[in-house]
Every structure is written in structure tokens, then in C-alpha cells.
Amino acid sequence: MAKRDGGKKKRKAPWPVPAPEPALRDVLRVPEGERIDLTAYDARATPAGPADKATGLAATAALGPRLAELQERLYAASTAGDRRRLLLVLQGMDTSGKGGTVKHVIGHFNPSGCRIRAFKAPTREEQNHPFLWRIMRALPQPGEIGIFDRSHYEDVLVARVRELAPRRLISRRYGQINRFEKSLAEDGVTVVKVFLHLSYEEQRDRLLKRLDNPDKHWKFDPGDIEERALWPEYRKAYEIALERCTTDEAPWYLVPADRKWYRNWAISKLLLEHLEALDPKYPPGDFDVAECRARLLAT
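Under full-length UniProt numbering, the first residue of the sequence shown is numbered 1, with each subsequent residue one higher.
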């Protein structure tokens, strides 16, 4: 029998209510406690969101105003003592789009509220300190959005593949990284770690485009070919890092990166979701608005 309410039958909805779409960070998050096989992930996939380039470009542009507003609110909140900030960590094979992400995605933000750092091979001074020393010096301040083009993970990636440190030392670094990132979270840093998943074939095509265009020769290094020969070793190093260093405090997100437009949309959306979760507020003024208005009108 149909249930009654006040003698009247409840009316059914004339159409099914669609289930809410899952958050992108739930879709792209690397699962904890599982073995990671990067060959099982399609680098050209569009697992959520727009499925074609035109829609993707429009969707990314539409996120811009909201991202800019949330950045301003985050910065404004810091003037009243809010210590929260956000750190975007970008890792990926050569040509995966770390620099392109900085150019296209971070363009939504006011640069004065961003702190961008590209990590190259350690300098002599940096080599004289623990591997996290140079990272700590580049962290965003309260209210800022930090962007790392490569990061502390180079010390368990390049160092592992190129055998720049004993294997036992590298194994200890995973735990050091997890403890470090946990301490960042406890200090108000939202860490968003993105692995830009590029295919072997796409990397070759991008390197060839650099070679075929004289205006792009400055971006090409013959050493890229040597690094490409170590693709299986780098893939394994990334799999280990993703397995051991995805945590509740600082999870990894795997973003398919063969399609540049999708990469840009996905990272923009991830940043938006994290900033919305922070929900920073504009601080109230510590002055009498009416009095100041009257004084200003009297001038």
C-alpha cells in the first residue's frame, strides 16, 4: 500500500533525481595501501568532467573567477592571523607539462599571492644540507598559494634511478617525507600533490616537436634522450613513491596528461575543490565603518 500523509498520497517525482557527481579529488586520488601499476592507467583518459577539448577549455575558463575569489579570500584571511595556505606539488616525466600547468592554471591567480619555485639539481650549498632543507625555504607563507615544479620527491626519483644515494638512505626518505608533509598539514598547509601521467609515445612526440621548431630548441636538452632510455626505471620509482607517500594528510592525485586541455582543467578543478573545502572568509574590519564613512565624506 502507498503511504499516506494527511490523507493524501505522496506524489512521486516525475523524473529520477540524478546522483551527485563525485568530487574530482575522489576520482583521481591514488588509493592508500595498494600496489600501483602505472601501465594500468590510460594517460589519454578523461575519467571525469569534460570529454572534449572545446568543452574542456570553456570549463577551465569558467573556473577562473571562482579561483581568483577564493585566493583573495585566503590572502585576506591571513591578514587577521589565519595561517592556512595551499601548496601544489607537480611531478611527472620530462615534457609532462609541469611548466605548462604553471603557465595556464596559475594564470587564474593574482601572482602577488603566489610563490612559485622550480627545483633543479641541488646546488653545492643545498648538497651540504639535508634534502628537505631547500624545500622548507620555499614553502608558501600564510595566505599564499605555493607551486612546486618538481619537489622533494626528486630525492627518491632521480636519486633512485641515477643511484645518487645509497638505496638504504633513499628508503628512509619516504618516511621522512611523510612526516614532513604531516607536519605541514598540522601547520595549516593544504598539500595537493599531482602526478602528471604522460605516455611514452606522447613524450616522444613532444620532444620531436621541440626539435622540429627552432623557437623551441631552448627547451630541448640532448640529455632528455638519455633520460627517456630510463623510462622503465623512472616509472618504477614513481610507482614506489606513489605507493609509499599517499596519505590522509597529503594524498597523491594521478592526472592523465597526454591531453593538455584535460590536464589544465583537472588541476584547476582540484585546486578549486581544495580551496572551497578551506572556505576562507574575509575578515571583519577592526574600525567603526559609520564613523570612517562620515569622516571621509567630510573631506
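Don't be surprised by glycine CBs; every beta carbon is placed ideally from N, CA and C.
{"Asked": "Bridge partners - valine 255, DSSP secondary structure assignment", "Found": "Leu196"}
{"Asked": "Start-to-end residues for the alpha helix (DSSP H) that takes in arginine 228", "Found": "223 to 229"}
{"Asked": "Through-space distance from isoleucine 145 to methionine 1, alpha-carbon basis", "Found": "In this prediction, methionine 1 has a pLDDT of 40, which is less than 50 and means its spatial position is unreliable; nothing more can be read from the coordinates."}
{"Asked": "Inter-residue spacing [alpha-carbon to alpha-carbon] between alanine 77 and tyrosine 282", "Found": "6 Å"}
{"Asked": "Nearest neighbour of threonine 34, chosen from Leu272, Glu239, Pro280, Phe287 [CA to CA]", "Found": "Residue 34 is actually glutamate in this sequence, not threonine. Per the Cα distances, Glu239."}
{"Asked": "Limits of the unbroken alpha helix (DSSP H) element including aspartate 26", "Found": "24 to 28"}
{"Asked": "6 Å CB neighbourhood of proline 142 in its chain, flanking five on each side removed", "Found": "Ser78, Arg83, Arg85"}
{"Asked": "Which residues DSSP lists as bridging isoleucine 116, in chain order", "Found": "Ile147"}
{"Asked": "Between the CA atoms of proline 111 and aspartate 288 - distance to the nearest angstrom", "Found": "32 Å"}
{"Asked": "Classification of lysine 269 by the beta-carbon crowding that lies within 10 angstroms, buried from 16 upward", "Found": "buried"}
{"Asked": "Reduced DSSP category for arginine 44 - H, G, I as helix; E, B as strand; rest coil", "Found": "coil"}
{"Asked": "Same chain only: Cβ atoms within 6 Å of proline 280, ignoring 5 sequence neighbours per side", "Found": "Arg73, Leu74, Ala77"}
{"Asked": "Spatially closest choice to glycine 97 from Pro130, Asp286, Pro256, by CA coordinates", "Found": "Pro256"}
{"Asked": "Simplified DSSP assignment, three categories, for glycine 97", "Found": "coil"}
{"Asked": "Cβ-Cβ distance between alanine 23 and glutamate 202 below 7 Å", "Found": "no"}
{"Asked": "Residues that DSSP places opposite glutamine 91 in a beta bridge", "Found": "Phe195"}
{"Asked": "Residues that DSSP places opposite glycine 86 in a beta bridge", "Found": "Sequence check: residue 86 is leucine here, not glycine. Note: leucine 86 sits in a beta bridge opposite Ile145, Thr190."}
{"Asked": "Top-ranked residue by Cα proximity to alanine 277, from Pro50, Thr46, Leu70", "Found": "Leu70"}
{"Asked": "Buried versus exposed, by CB contacts within 10 Å (16 or more), threonine 95", "Found": "buried"}
{"Asked": "Nearest candidate by alpha-carbon position, reference arginine 117, set Ser151, Met93, Glu249", "Found": "Ser151"}
{"Asked": "Proximity winner among Glu32, His129, Arg137, relative to leucine 184 (alpha-carbon distances)", "Found": "Arg137"}
{"Asked": "Limits of the alpha helix (DSSP H) - the one that cysteine 245 falls within", "Found": "That residue, cysteine 245, is in no alpha helix (DSSP H); it is neither H nor E in DSSP."}
{"Asked": "Distance CB(arginine 235)-CB(tyrosine 174) smaller than 7 Å", "Found": "no"}
{"Asked": "Limits of the unbroken alpha helix (DSSP H) element including aspartate 37", "Found": "Careful: aspartate 37 lies outside any alpha helix (DSSP H) and carries neither H nor E."}
{"Asked": "Proximal residues to lysine 10 (C-beta, below 6 Å), its chain only, five neighbours per side dropped", "Found": "Residue placement at lysine 10 is flagged as unreliable, the pLDDT there being 47, under the threshold of 50; the coordinate-derived value follows with that caveat. Contacts found: none."}
{"Asked": "C-beta contact flag for glycine 56 and proline 50 at 7 Å", "Found": "yes"}
{"Asked": "Cysteine 114 versus alanine 229 - alpha carbon distance", "Found": "35 Å"}
{"Asked": "CA-to-CA distance, glycine 99 to tryptophan 218, given in whole angstroms", "Found": "14 Å"}
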